[in-house]
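Novice:
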Amino acid sequence: MLPGLVGLGSASAQAQPSEREARARLDAIGSEIQALGRRLSQTREAQDEATRALRQAETALAETHARLDAIQTDRRRLSDEIETLGSAREALRAERAEQVEALNVQLDALYRLGLSPQLKLLLNQDDPARLDRLQTYLNHLARARNARLDEIARLDAQLSENRRELQARGERMDALADELATRSAELAEHMAERERLVAELDARYSDEQSRLARLNRDRSEAEQVLERVREELARLQRPPPSTAIERTRGDLPWPVQGNVTSSYRRGDGVHYNGILIEAREGTPVQAVHAGRVVFADWMRGFGNLLIIDHGDNVMTLYAHLQQFGTGVGQAVSRGDTLGTVGKSGGHTTPALYFEVRRNGDPIDPQAWIARR
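Using the numbering used here, read the sequence shown as starting at 3 and increasing by one per residue.
And the structure:
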């Protein structure tokens, strides 16, 4: 669903579908777009061995980062649960202590009446009315004592269950710690392998001109894939409806905050058609507008690349991601996390490459996102 859809119900859009109908249409094409993404991944041009190895290493890195994030999330959740259980345990202990103290008071009152208070009352042959009152009092003490004993038993059972839950969560925390250590070691291995492969690829180019030629070749191949995306989307039986992105021109949020190190039409190679925003590795990347993910895969030169179709023949591209936070076919709203900043694709510094396309042609992203 796309809660970020805007403007579909205005008086000037009577010929367009309602917001509810537009959302339903977007959800209906989800499976078709998923199939499209699989076809695009399978039909991309074959790459040389070193590039394939780099893709495998960076894909493994992305998966490991995602698993590490999931482990840390589980650890935080378990830590919160353990803290909550510990607080509950202290509350149960305090309540049990109060019940035991109250029971002691009742037992002390019974002790003062002697070992057989009912028999003592009969032998004293006291006033019958007073005997009735005392008997009522004794019955009340007996019921209160039994109630206290039942409550203490209930609290003991709760404390035992609390202890079992704490032990289970503690064991799960230990298991997560072991897995975290294993995954961290894997991450270090993948990173070392990636650095080796990047150095191997860079060593192939004797000068900057040959390197630039390679980047331009990568961009040319990417253009072919992007054109396939556009053609496939156009062939869908139910094309994506409008998300009114044209109305947001000049007011879209930045996908990530950082310095622009490469501007539109001033960058080299794969960065020529968009902007490169330098940011800390692992920084969340956000969708600039509502739409549907139509591509999320590794592409030479771009690394982990995610493409969102916003309808109205407008797409946005997000490249060099460290990992994906969503998959092909998923609906996203403005501000949703798409992944994190990385340096995949053999990039040397962490940054996000961002591109906007309309009718398949790149346009200046800074004409669409808000000034700062």
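Ideal Cβ positions, reconstructed from N, Cα and C, are used throughout, including at glycine.
Using only CA atoms, which one of I73, L80, R302, I309 lies nearest to N218?
Specialist: Ranking the options by Cα distance to N218, first place goes to R302.
Novice: Need the endpoints of the beta strand (DSSP E) that T351 sits in, please.
Specialist: Here T351 belongs to no beta strand (DSSP E), and DSSP marks it neither H nor E.
Novice: On the criterion of 16 or more Cβ atoms from any shown chain inside 10 Å, does F356 qualify as buried, or is it exposed?
Specialist: F356 should be labelled buried.
Novice: Name, in chain order, the residues that DSSP records as bridge partners for L364.
Specialist: Note that residue 364 corresponds to Pro in the displayed sequence, not to Leu. Looking at the DSSP assignment, P364 forms a beta bridge with R359.
Novice: If you check the beta carbons only, do I310 and G293 fall under 8 Å apart?
Specialist: Yes, they are a contact pair.
Novice: State the start and end residues of the unbroken beta strand (DSSP E) segment that holds Q325.
Specialist: Start and end: 316-326.
Novice: Would you grab the beta carbon distance between G329 and V295 for me? Rounded to a whole angstrom, and I think it's under 8 Å.
Specialist: That belief holds up - the Cβ atoms of G329 and V295 are roughly 6 Å apart, short of 8 Å.
Novice: I need the straight-line Cα distance from E229 to G362, nearest angstrom please.
Specialist: Their Cα atoms are separated by approximately 7 Å.
Novice: For P255, report the span of its beta strand (DSSP E) as first-last.
Specialist: Premise fails: P255 is in no beta strand (DSSP E) and is neither H nor E.
Novice: So, is A64 buried or exposed, given that buried needs 16 or more other C-beta atoms within 10 angstroms?
Specialist: The residue in question, A64, is buried, as its Cβ has 16 or more Cβ neighbours within 10 Å.
Novice: What number of angstroms, rounded off, separates the C-alpha of A224 from the C-alpha of I247?
Specialist: One C-alpha to the other measures close to 24 Å.
Novice: Measuring only the C-alpha atoms, how far is T45 from V227?
Specialist: Since pLDDT at T45 reaches only 45, below the 50 mark, its modelled position is unreliable, and the value read off the structure follows with that caveat. Those two C-alpha atoms are separated by around 9 Å.
Novice: Taking only the alpha-carbon atoms, compute the straight-line gap between A48 and R54 and give it to the nearest angstrom.
Specialist: The pLDDT assigned to A48 is 41, lower than 50, so where the model puts this residue is not dependable; a value taken from the coordinates is nonetheless given after this. C-alpha separation (whole angstroms): 9 Å.
Novice: With DSSP collapsed to three states, give me the class of V375.
Specialist: Not covered by the structure: residue 375. The range shown for the chain is 3 to 374.
Novice: Can you name the residues that DSSP bridges to G341?
Specialist: Its beta-bridge partners are V287, F326.
Novice: Note the first and the last residue of the continuous beta strand (DSSP E) segment covering L262.
Specialist: Here residue 262 is Val; the residue named in the question, Leu, does not match the sequence. 261-264 is the extent of the beta strand (DSSP E) around V262.
Novice: Have a look at S264 and G331 and give me their C-alpha separation to the nearest angstrom.
Specialist: Rounded to whole angstroms, S264 to G331 spans 30 Å at the Cα level.
Novice: For the beta strand (DSSP E) that E280 lies in, which residues bound it at each end?
Specialist: 277-280 is the span of the beta strand (DSSP E), which, as asked, contains E280.
Novice: Give the DSSP-derived three-state secondary structure of D2 in the structure shown.
Specialist: The shown model of the chain, from 3 to 374, leaves out residue 2, and the question about it has no answer.
Novice: In angstroms, rounded to a whole number, what distance separates the CA positions of W370 and R196?
Specialist: Answer to the nearest angstrom: the Cα atoms are 35 Å apart.
Novice: Between which residues of its own chain and M175 is the CB-CB distance below 6 Å, once the five residues before and five after are set aside?
Specialist: Around M175: L80.
Novice: DSSP has I371 in a bridge; who is on the other side?
Specialist: Its beta-bridge partners are L254.
Novice: Is the separation between the beta-carbon of E60 and that of G341 shorter than 8 Å?
Specialist: No.
Novice: Exposed or buried, which one is N148 when buried takes at least 16 other CB atoms within 10 Å?
Specialist: Under this definition N148 is an exposed residue.
Novice: Please classify G271: does DSSP put it in a helix, a strand, or coil?
Specialist: In the structure shown, G271 sits in a helix (DSSP, three-state: H, G or I).
Novice: I'd like the list of long-range same chain contacts for R171, defined as Cβ closer than 8 Å, with 5 residues on each side in sequence excluded.
Specialist: So the list reads L80, E83, I84, L87, once near-sequence residues are dropped.
Novice: Please identify the residue among I154, D76, A72, L70 whose C-alpha is closest to the C-alpha of N106.
Specialist: For N106, the nearest C-alpha among the options comes from I154.
Novice: Could you check what DSSP says for A246 in three-state terms: helix, strand or coil?
Specialist: A246 falls in the coil class under three-state DSSP.
Novice: Among the candidates S346, G260, A177, whose CA atom is the shortest distance from the CA of A281?
Specialist: Of the candidates S346, G260, A177, the one whose C-alpha sits nearest the C-alpha of A281 is G260.
Novice: In whole angstroms, give me the CA-to-CA distance for D358 and T350.
Specialist: According to the sequence displayed, residue 358 carries Val and not Asp. If I take the Cα positions, the gap works out to 23 Å.
Novice: Here's the rule I'm using: 16 or more other beta-carbon atoms within 10 Å means buried, otherwise exposed. How should S12 be labelled?
Specialist: Caution is warranted here: a pLDDT of 33 is assigned to S12, below 50, making its placement in the model unreliable, and the coordinate value is therefore given only provisionally. S12 comes out exposed.
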